[in-house]
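Protein chains: 2
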Amino acid sequence: MAPSMDDKVTSPLKVTMAKVALEAGVSRATASRVFYGSTPVAEHTRRAVYEAAERLGYVPNTMARSLAARSSDILGLLLRAPDNPAYGLLFAELQAHVSAAGLQMVTVAPSRHEGAHFERQALNRLLGLRVGGMFVSTGVIRAEMLEPFLDLVPVVVVGRPESHPDIHSVSYDEDYNAGLLVDAVVAAGHRGAAVVVPDHSVSEHRRGVAMVRGLTERGVKVYEVSSPTFGSREEGAREIVELRREERITAAMFPSDWRLLAFLPHAQEAGLKVPDDLSLTGFDGILPGIDLMGFTTVRIPVEDAARRAVEVMRAQLDERTPPRHELLPGTLVRGRTLAQAPTAR
Amino acid sequence: MAPSMDDKVTSPLKVTMAKVALEAGVSRATASRVFYGSTPVAEHTRRAVYEAAERLGYVPNTMARSLAARSSDILGLLLRAPDNPAYGLLFAELQAHVSAAGLQMVTVAPSRHEGAHFERQALNRLLGLRVGGMFVSTGVIRAEMLEPFLDLVPVVVVGRPESHPDIHSVSYDEDYNAGLLVDAVVAAGHRGAAVVVPDHSVSEHRRGVAMVRGLTERGVKVYEVSSPTFGSREEGAREIVELRREERITAAMFPSDWRLLAFLPHAQEAGLKVPDDLSLTGFDGILPGIDLMGFTTVRIPVEDAARRAVEVMRAQLDERTPPRHELLPGTLVRGRTLAQAPTAR
DNA sequence: ATGAAAGCGCTAACAC
DNA sequence: GTGTTAGCGCTTTCAT
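Protein chains in written order, with the numbering used here: chain B, 7 to 351; chain W, 7 to 351.
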């Protein structure tokens, strides 16, 4: 390359397209066309522009671009709780698919001091950027909050069922998934089981309820263990141990792997062997390393959800289609924490 | 409120500041001043503008704003692996502190098909937005890649030691943390220990090496278990079991909780009781539910790192100060997987 | 305290 | 195939 005529040391971030055009000896419009334009550009011109850009370290100004184009190829993700592995994984998967589709994505999370106020704030950050589309993966944002924007920016709710008639959603089929576990437990011959049903987590609650219903329908005696304080240590553990002592149950079902994990030390302390004395099932299959623990659980289809969400989004970007609400099935993970019921042996 | 004269149903996203100004009966300049301006505005004018904005559902266009202002109050976070709980937590914490500071943050992650190319792409997404500052929390981006931008956008590397003379960094004191565990193991009277030293993860490698060194210095016989294939199942597990069988070791130290977790099933299978037959230590303290497992580990100070990183960033935003490289100590978690060495009893 | 006007960096007709 | 020009929505002198 011949040394640039404009070789003064200016920061790459200060290099505008005009400078690139000048350096390449073309007009700004042509330079613009080279980068994103739909109209054809002569091959040697194109090359000249690329080289000039390379030489100057040009970084296109996204703001100016979308401002002028009155549209943005940036998608936004409103993410509830990045510190929750299930959401973290969803984030990573969405990002991968979005990139693969040649789009961009920026993510915002509500400052997790809880409360709708912060979610609203995060939403506005995305809207302020005039994103071209939005993935919403958060519990608190109500559909009505999104309503005013629906005509301008496609919204796909992911990871949470949404029934709003104008909003697409891709989420997990918690009922079906619960059924998978119920089938497994019933098939193993258990006739009495404890089910932990938390009050505070929407999806965990739903899972618990579904498992209770499923077991009952199959003639299994169910002991519902409610779990008022979310995340508290002793939660229901003693109750389950007691139920086992009284030989009322041979299995316990938890609405998340996390809760199963939390129960383990109590089982050990009580001298209960898993699964010989007591079978256990979890829910999620996401916790890193959980596969190594050999939990019997359901793996929620995070990857599928991400893939579908991006597909749906792309379809929306092309043309608005009637909203669909998809429910994705998980897969049963046959671990080592579920065994034949002692009496059935 | 009197009904607006301009009450036609236009999407809030199409409401410009000009419309707000019109509605409020002031000039665009004044409206602008009301929202972010430094020059004073009469109280009643201010109120009128706010009300007009509220009525119209005005959402300021961030792009236009930063374009015109030639500066941005948006910070960027370049995040390595959102599906890793440690990074997920860091993300959440950074977001919280940034919001608390009245700033905004957008996050991008490299499409995790590995490779510097995608990290570069993610970096450019942030640069393209002309963020006002950048947190970098990723292994692959080399300092040289950032160099050209340092004079225009303050960069704070977080979660990874960085020694570049122009880049601030806030990270974990892995050596000190390793020392905490070594002290605990030595204090428990162990005279022979296995240490898993992975090849592929930079921080895990460093931790392993530090533990090996620490133990050796304290006169403990160390058996280094290298772990070539990252994340493979059997990794070193058999070797450790064998070492115990031969009574060469009474403890095994892992460079992450995840690896300790992965070893557990092997220990059980081999009939080794933890910690009676074999003491185990982890590293991280982040895995959700890990506290419930009672691991003896070191909790890395993610929250502290996030807080400091934001503090450092704010300082940079005000005025560039000479870069510092901070190392934050973790805390020992005295779990139930470390016991007195059998011979010492 | 407020308004008028000149851009910020870029795209998109519309000419040639 | 390429250049010219008029904005996109906003901030910021500079007047008043």
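We put the CB at the ideal spot given by N, CA and C, even for glycine.
- The secondary-structure analysis by DSSP pairs Gly198(B) across a beta bridge with Lys227(B).
- Residue pairing by DSSP puts Gly139(W) in a beta bridge opposite Leu81(W).
- Note on the segment 255 to 285 of chain W: whole beta strand (DSSP E) runs with a minimum of 3 residues are 257 to 259, in chain order.
- For the 8 Å CB-CB criterion, Ala347(B) and Arg224(B) do not form a contact.
- Between Tyr93(B) and Leu85(B) the beta-carbon gap is near 6 Å, inside 8 Å, which marks them as a contact.
- What Phe155(W) touches in chain B, judged by beta-carbon distance under 8 Å, is Ser17, Pro18 and Leu19, going in chain order.
- With respect to the 8 Å criterion, Val231(B) and Val208(B) are not classified as neighbours on the basis of their beta carbons.
- Counting C-beta atoms within 10 angstroms of its own C-beta, Gly108(W) has fewer than 16 neighbours from the protein chains shown and is therefore classed as exposed.
- For His50(W), the uninterrupted alpha helix (DSSP H) run begins and ends at Glu49 to Leu62, by DSSP.
- Residues Ala190, Val191, Ala194, Ala257, Pro281, Ser285, Leu286, Thr287 and Thr302 of the same chain have their beta carbon placed closer than 8 Å to that of Leu344(W), with the five preceding and five following residues left out of the count.
- Legend: CB atoms of the segment 94 to 119 of chain W lying less than 9 Å from CB atoms of chain B belong to residues Gly94, Leu95, Leu96, Phe97, Ala98, Glu99, Gln101, Ala102, His103, Val104, Ser105, Ala106, Gln110, Met111, Val112, Thr113, Val114, Ala115, Pro116, Ser117, Arg118 and His119.
- One alpha carbon belongs to Ser262(W), the other to Glu332(W), and they sit about 22 Å apart.
- Across the structure, Gly82(B) and Val114(B) are spaced so that their CA atoms are roughly 8 Å apart.
- Cβ contact annotation for Asn67(W) (same chain, cutoff 7 Å, sequence separation greater than five): none.
- Under DSSP, His174(B) takes part in a beta bridge, and its partners are Val162(B).
- The beta carbon of Phe41(W) lies closer than 7 Å to those of Pro66 in the same chain, with the five residues before and after it left out.
- Annotated as distal: Val104(W) and Val308(W), with beta-carbon spacing of 8 Å or more.
- Shown here, Asp89(W) sits in coil according to DSSP, grouped into three states, outside any helix or strand.
- Secondary structure note for Val308(B): its alpha helix (DSSP H) is the uninterrupted segment Val308 to Asp324.
- Scanning its chain for C-beta atoms nearer than 6 Å, with the 5 sequence neighbours on each side dropped, one finds around Gly336(W) the residues Asn183, Val304, Arg305, Ile306 and Pro307, in chain order.
- Interface annotation, Pro160(B): not in contact with chain W, CB-CB separation never under 8 Å.
- Arg254(W) has its alpha-carbon roughly 43 Å from the corresponding atom of Ala98(W).
- By DSSP's assignment, Thr113(B) forms a beta bridge with Leu83(B) and Thr113(W).
- Near chain B, meaning a CB-to-CB distance below 8 Å, the residues of the segment 134 to 146 of chain W are Gly134, Leu135 and Arg136.
- Taking 8 Å as the CB threshold, Asn183(W) stays off the interface with chain B.
- Membership of Leu186(W) in the alpha helix (DSSP H) is indicated by the continuous run Glu180 to Ala193.
- Here the alpha carbon of Asp79(B) sits roughly 33 Å from the alpha carbon of Val176(W).
- The C-beta of Gln110(W) has 16 or more other C-beta atoms within 10 Å across all chains shown, which makes the residue buried.
- For Val304(W), the uninterrupted beta strand (DSSP E) run begins and ends at Thr303 to Arg305, by DSSP.
- Shown here, Leu293(B) sits in coil according to DSSP, grouped into three states, outside any helix or strand.
- Shown here for Leu293(B): same chain residues with a beta carbon closer than 8 Å to its own, the five before and five after excluded, namely Pro91, Asp263, Trp264 and Leu267 in chain order.
- By the neighbour-count criterion, in which a residue is buried when 16 or more other Cβ atoms sit within 10 angstroms of its Cβ, Pro329(W) is buried.
- Taking a cut-off of 8 Å for Cβ pairs, the segment 269 to 278 of chain W and the segment 127 to 136 of chain W do not touch, as fewer than three such pairs fall below it.
- Within the same chain, Cβ atoms closer than 7 Å to the Cβ of Arg313(W) are found at His103, the five residues on either side in sequence being excluded.
- In the three-state scheme derived from DSSP, where H, G and I count as helix and E and B as strand, Thr144(W) is classed as coil.
- Linking Val47(W) to Ser38(W) through their CA atoms gives a straight-line distance of about 10 Å.
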